[in-house]
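Quick note: the sequence shown uses the numbering used here, first residue 61, plus one each step.
No residue lacks a Cβ here, since even glycine has one placed at the ideal position from N, Cα and C.
Please read all numbers here as calculations on a predicted model, not as lab measurements.
All remarks here apply to the structure that follows.
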Amino acid sequence: MSNLKSNYRKVFKDNLTKISQKNNTIWLDYRIQSFLKIHLKHLLSKHKGKRPITILFYYPLPIEFDIRKLLHFYKLQKKIQIFLPFMQGISFKIVKYRLPIQKRAFGVFESSNSSFKISRLDYAIVPVIGIDKTFRRIGFGKGMYDRFFSTLKTKPQTIFICRALNLTQCVITQSYDLQANTFITPFACLRFKDMNNGNMGSHKFYSLRSSRGWR
């Protein structure tokens, strides 16, 4: 299983590296941004009450969707708090998104450290190299997202983002790997829906090519 996952990780990562070196990343990122903004608008419209909505974003590496425009957009929205990962050892904590951004380990840019804590994380937007059919994450192999999410008492709705439809129809992940509700790419937006009242062995794919699909 681990060898199979490593092989897929290499293939998917090579695919994203090739994509990042082409001149169509602006178009790909525009597609992802449009889908993601529509989806977030739909999710955020459901929130009532005075508590700020908390969203985990990320700061992009070259092979990842450039989310910086949306970072800036949502940072300016009232009643929304934006957070970024801040690496600590083999895991990370989350800190409020604020400038300046500094480059740290693995070439990742982070906001400065903070002792600010939140009681609940509502949404998480997570970059992936790919996923398998159980909607579990194939990342860089460090396991940081898995460790962080395992510490949360209440799991946020999680959105995976990728510039390619890197999806395998076989199971190559483990039960502890991070699982998403939604997988957004420039070519299709897929949602995982449990069809058996909590039995995650059942799944259904939805290919959504317009905003109508999010209703």
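**Report entry** Backbone CA spacing between K163 and Y119 [nearest angstrom]
**Finding:** Rounded to whole angstroms, the gap between the alpha carbons of K163 and Y119 is 10 angstroms.
Query raised in the report: Hey, which unbroken runs of the alpha helix (DSSP H) at 4 residues or more fall wholly within the stretch 108-186?
Result: 128-135
Report task. Return the CA-CA distance between I92 and T245, expressed in angstroms with no decimal places. Result -> 6 angstroms
Query raised in the report: Okay, do the stretch 201-208 and the stretch 99-109 touch, 3+ Cβ pairs below 8 angstroms being the bar?
Result: no
Query raised in the report: In or out: K101 buried (at least 16 other Cβ within 10 Å) or exposed?
Result: exposed
**Report entry** Beta-carbon proximity check, F152 vs F117, cutoff 8 angstroms
**Finding:** No, the Cβ-Cβ distance between F152 and F117 is not below 8 angstroms.
Requested in this report: Go to R223, then tell me how far its alpha helix (DSSP H) extends in each direction, as first and last residue.
Outcome: It is not in any alpha helix (DSSP H) - R223 carries neither H nor E in the DSSP assignment.
Query raised in the report: For K65, does the count of other Cβ atoms within 10 angstroms reach 16, so buried, or fall short, so exposed?
Result: buried
Query raised in the report: Pick from Y68, L212, S62: whose alpha carbon is nearest that of N226?
Result: Y68
**Report entry** Cross-strand partners of T277 (DSSP beta bridge)
**Finding:** This structure cannot settle anything about residue 277, because the visible part of the chain is limited to 61 through 275.
Query raised in the report: Relative to the ligand NAP, is the shortest distance from any of its heavy atoms to the C-beta of Q81 smaller than 7 angstroms?
Result: The model on display carries no ligand, and the ligand NAP is accordingly not part of it.
**Report entry** Spatial distance of M147 from N241 (CA atoms)
**Finding:** 24 angstroms
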